[in-house]
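Participant: Just so we're aligned: the sequence shown equals residues -36 to -1, 1 to 80 in mature numbering (1 follows the signal peptide of the UniProt record, and there is no 0). Even for Gly, the Cβ is constructed at its ideal location relative to N, Cα and C. Bear in mind that the values here come from a model prediction, so they are computed numbers and not experimental data.
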Amino acid sequence: MLASSSRLRRLTAKKVAQAAVLGALAAGTFGLGANAAVAQGATGDVYNCYTQWWNTAWAQKCYSAGAEATGTYESTIDCSVTGRRYLPKFRRVGSTTTYPGVDCTFSASNGDIYYY
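1. Using a Cβ distance threshold of 8 Å, determine whether the region 3 to 10 contacts the region 43 to 50, with at least three qualifying pairs required.
2. Using the beta-carbon count (16 or more within 10 Å), is alanine 29 buried or exposed?
3. Taking the Cβ atom as the reference point for each residue, do asparagine 74 and isoleucine 41 lie within a distance shorter than 9 Å?
4. With a threshold of 7 Å on Cβ separation, who are the neighbours of valine 66 within its own chain once the five nearest residues in sequence on each side are excluded?
5. When the Cα of serine 44 is compared with those of Tyr37, Thr20, Tyr14 and Gly8, which residue comes out closest?
6. Look up threonine 40 in the DSSP assignment and say whether it is helix, strand or coil.
7. Give the DSSP-derived three-state secondary structure of glycine 75 in the structure shown.
8. Give the DSSP-derived three-state secondary structure of glutamine 24 in the structure shown.
9. Hey, would you say glycine 35 sits closer than 9 Å to tyrosine 80, going by beta carbons?
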């Protein structure tokens, strides 16, 4: 009976250790997913529209009221390896469409937006 009690403790300790490792892995995975969705930067707005960027992705957006002027809004972003990228989009007053830019290979930074 003593042998089976000892075996039970070993199995229980093993299961606890496995659960702890799996829990740590899951927490790390979910933590990374949450952080990846947080924007790294955004420009000031031009007629209610702006450029926003994350790790390698970026987009041209407008606040919920939409663009305040009809015309071309040009978003730019600096990609660490490929250089500056441009995203000119014609918008009408009230436009709230989000236009994604072509992803940078490694990192995006220094976004800007212009109106003409």
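Facilitator: For this structure:
1. No: the two stretches stay apart, fewer than three of their Cβ pairs being nearer than 8 Å.
2. Residue mapping note: residue 29 aligns to position 65 of the sequence shown, counting from 1. So alanine 29 counts as exposed.
3. Counting from 1 along the sequence shown, the entry for residue 74 is found at position 110. Counting from 1 along the sequence shown, the entry for residue 41 is found at position 77. In this structure, isoleucine 41 lies closer than 9 Å to asparagine 74 by Cβ.
4. Numbered from its first residue, the sequence shown carries residue 66 at position 102. Taken in chain order, the residues that qualify are Arg49.
5. In the sequence shown, counting from the first residue as 1, residue 44 sits at position 80. With respect to the C-alpha of serine 44, the residue from Tyr37, Thr20, Tyr14 and Gly8 having the closest C-alpha is Thr20.
6. The count along the sequence shown starts at 1 and reaches residue 40 at position 76. Three-state result, threonine 40: strand.
7. Here residue 75 refers to the residue found at position 111 when the sequence shown is read from its first residue. If DSSP states are grouped into helix, strand and coil, glycine 75 belongs with the strands.
8. Sequence index remark: in the sequence shown, residue 24 carries index 60 (1-based). In the structure shown, glutamine 24 sits in a strand (DSSP, three-state: E or B).
9. On the sequence shown, residue 35 is found 71 positions in, with the first residue counted as 1. On the sequence shown, residue 80 is found 116 positions in, with the first residue counted as 1. By the CB criterion at 9 Å, glycine 35 and tyrosine 80 fall inside the cutoff.
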